[in-house]
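**Q**
Chains as they are written, first to last, in my numbering: chain A, 1 to 187; chain B, 1001 to 1307.
1. For residue 1190/B, tell me which candidate among 1235/B, 1168/B, 1091/B has the shortest Cα-Cα distance.
2. Using a cut-off of 8 Å between C-beta atoms, extract the partners of residue 1140/B located in chain A.
3. Can you list, in chain order, the residues of the region 1117-1131 of chain B whose Cβ is nearer than 8 Å to any Cβ on chain A?
4. Using the DSSP secondary-structure output, state which residues sit across from residue 1242/B in a beta bridge.
5. Quick one: which chain A residues come within Cβ less than 8 Å of residue 1264/B?
6. Residue 1098/B and residue 1265/B look like a contact to me (Cβ under 8 Å); what is the Cβ gap, rounded to whole Å?
7. Go ahead and pull the three-state DSSP assignment for residue 1166/B.
8. Using alpha carbons as the reference points, say which of 95/A, 93/A, 164/A, 58/A lies closest to residue 85/A.
9. Count the other C-beta atoms from every protein chain shown that fall within 10 angstroms of the C-beta of residue 134/A, then say buried if there are 16 or more, exposed otherwise.
10. DSSP three-state call for residue 1261/B: helix, strand or coil?
11. Are the C-beta of residue 92/A and some C-beta of chain B separated by less than 9 Å?
12. Would you list the residues sitting across from residue 1094/B in a DSSP beta bridge?
13. Looking at C-alpha atoms only, which residue of 1068/B, 1230/B, 1073/B, 1117/B is the closest neighbour of residue 1049/B?
14. Listing by chain order, which chain A residues have their CB less than 8 Å from the CB of residue 1253/B?
15. Hey, quick one: how far does the alpha helix (DSSP H) through residue 1284/B stretch, first residue to last?
16. If we count Cβ pairs, one from each stretch, closer than 8 Å, do we get three or more for the region 1248-1268 of chain B versus the region 1069-1077 of chain B?
17. Quick check: what's the CA-CA separation for residue 1014/B versus residue 1081/B?
18. Is residue 88/A close to chain B, meaning its C-beta is less than 9 Å from at least one C-beta of that chain?
19. So who's on the other strand from residue 148/A, going by DSSP bridges?
20. So, at 7 Å on beta carbons, what are the nonlocal neighbours of residue 18/A in its own chain, with the 5 sequence-adjacent residues on each side left out?
21. Where does the unbroken beta strand (DSSP E) through residue 1127/B begin, and where does it stop?
22. Can you tell me whether residue 119/A is helix, strand or coil according to DSSP?
23. Closer than 7 Å by C-beta to residue 107/A: which residues in its own chain qualify, once you throw out the five before and the five after it? Chain order, please.
24. Quick one: what's got a C-beta closer than 7 Å to residue 1174/B's C-beta in the same chain, skipping five residues either side?
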């Protein structure tokens, strides 16, 4: 009787133990970070698009910033700019904003995220996406912003700054093209 | 005996049967406007319905049209008849939260699709509405708005063009089957088969079909020479035309002209059967509506509000 019970138990282990162990193994062996796991489950449309209109739309002669700033002593003070960048009127996210919230104080040719990571100007969607998360999500799917090229092939995306002035991001009003002819005006 | 009575100097002998045959032929010939007839005119006159043409006949038609248009506009005009891609249903999305009513799309469409400049034809109408009304009535919209800058405060804009219905009223109204729905969902018109009765215009609830009341006029240098038989080839006086989702571009994989010009990126386009397309993302994630849904026309043109 005892042997019988033991063999039944062993048989049970053989049959179901495999199912019990196998999923736990895949969990324990995976030393991936959460981010990597998330990346794997993402569908292709949520990945960062690969086609851009290079380069970011800098004003002429403004980049690289280190050409001028390389020699200068960094001054983190909030102040009225008088000599340079007087054309920039910061109207973005209220009066608390300052240049160095986005531009890195030490490495002038880079931007920095909240976590301190430095990014290039052509990856600035990470920076904007920190606050504008839902817009970032739509942009990755191709729904926010303009796309050109092929609907089933190579697409050309715009960076945030191709359409929005980062310092005054609200879209500027445009002159409309002329209205259609009224039937009463047809000669 | 009768010959003698009717003094017949040429002594013609015309019996009753010959006379009737001759007059029947003569009448038939005068029914054809042959006074300005050349070979291409006769070919066009006897052209079969487009969907009954075989490959070789289509090529002959295209060659004839290319020659005609190239002469008319004194530059090379190409006419193609690209077939629909399998597994594709085109769908369109328009983000009403972004549209600023700048009418860039209207004129990009006019240029791309060779619409007549005079008399004026626009395939896209941009309607302007006042914000804050209890409900929106299309009758209260204004398409002739002309401020210095758009968007005007307290206004919103809705461009309307052919909705490419799955259940189009226009194609059923056509007495000659000159308009039909293609396999990729685009509703097209054969300008050589249209008789200009305008029944389709009466049937369309969106005002998306337009009639060439006069000889269409396009300056030679503004003519887009890349044309499609069912799309943007130059039209004739007395035929109906409409938006074809830029069939000459989209069947080659490109975006329509209105999508590419939109400065605010409000226009979205893609394959409804592709789960990873932009248009599917819009439908699945945004608040979408279709214009005049209650008419059961089942448009493939989706208006949405992204933010």
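No residue lacks a Cβ here, since even glycine has one placed at the ideal position from N, Cα and C.
**A** With the given structure in hand:
1. Counting from one through the second chain, the residue named residue 1190/B turns up at place 190. Comparing Cα-Cα distances from residue 1190/B to each of 1235/B, 1168/B, 1091/B, the minimum goes to 1235/B.
2. Locating residue 1140/B in the second chain gives position 140, where the first residue counts as 1. The premise fails here: residue 1140/B is roughly 17 Å from chain A at the closest Cβ pair, so nothing lies under 8 Å.
3. 1119, 1120, 1122, 1125
4. Taking the first residue of the second chain as 1, we reach residue 1242/B at position 242. Residue 1242/B is bridged to 1209/B.
5. Here residue 1264/B is taken as the residue at index 264 of the second chain, counted from 1. Ordered by position in chain A, the residues that pass the 8 Å Cβ test against residue 1264/B are 146, 163, 171.
6. For the purposes of this step, residue 1098/B is taken as the residue at position 98 of the second chain. For the purposes of this step, residue 1265/B is taken as the residue at position 265 of the second chain. Rounded, the Cβ-Cβ distance is 7 Å, consistent with contact.
7. Indexing the second chain from 1 puts residue 1166/B at position 166. Here residue 1166/B sits in coil by DSSP.
8. Here residue 85/A refers to the residue found at position 85 of the first chain. Closest option to residue 85/A, Cα to Cα, is 58/A.
9. Walking along the first chain from the start, residue 134/A turns up at place 134. The residue is exposed, with fewer than 16 neighbouring Cβ atoms inside 10 Å.
10. Here residue 1261/B is taken as the residue at index 261 of the second chain, counted from 1. DSSP places residue 1261/B in helix when its eight states are reduced to three.
11. One-based indexing of the first chain puts residue 92/A at position 92. Not an interface residue.
12. In the second chain, residue 1094/B corresponds to position 94, counting from 1. According to DSSP, residue 1094/B bridges with 1267/B, 1303/B.
13. As a first step, residue 1049/B must be located in the second chain, where it is residue number 49. Checked all of 1068/B, 1230/B, 1073/B, 1117/B; the closest Cα to residue 1049/B is 1230/B.
14. To locate residue 1253/B, count along the second chain from 1; it is residue 253. Under the 8 Å cutoff, chain A gives 150, 151, 152, 153.
15. Here the question's residue 1284/B lines up with position 284 in the second chain. Its alpha helix (DSSP H) spans residues 1278-1285.
16. Not touching, per the Cβ criterion.
17. By one-based count along the second chain, residue 1014/B stands at place 14. By one-based count along the second chain, residue 1081/B stands at place 81. Answer to the nearest angstrom: the Cα atoms are 52 Å apart.
18. Stepping through the first chain from its first residue, residue 88/A is reached at position 88. So no, residue 88/A is outside the interface.
19. As a working mapping, residue 148/A is identified with position 148 in the first chain. Bridge partners of residue 148/A: 156/A.
20. As a working mapping, residue 18/A is identified with position 18 in the first chain. Residue confidence is low: residue 18/A scores 49 on pLDDT, short of 50, so the model does not pin down where it sits. Its coordinate-derived value is still stated next. Excluding positions up to five away in sequence, the list is empty.
21. Translated into positions along the second chain, residue 1127/B becomes position 127. Under the DSSP assignment, residue 1127/B falls in the beta strand (DSSP E) whose first and last residues are 1125-1130.
22. Here residue 119/A is taken as the residue at index 119 of the first chain, counted from 1. Strand, per DSSP.
23. Indexing the first chain from 1 puts residue 107/A at position 107. 118, listed in sequence order.
24. Along the second chain, read from residue 1 onward, the residue named residue 1174/B stands at position 174. Counting only Cβ-Cβ distances below 7 Å, and skipping sequence neighbours, we find 1199, 1200.
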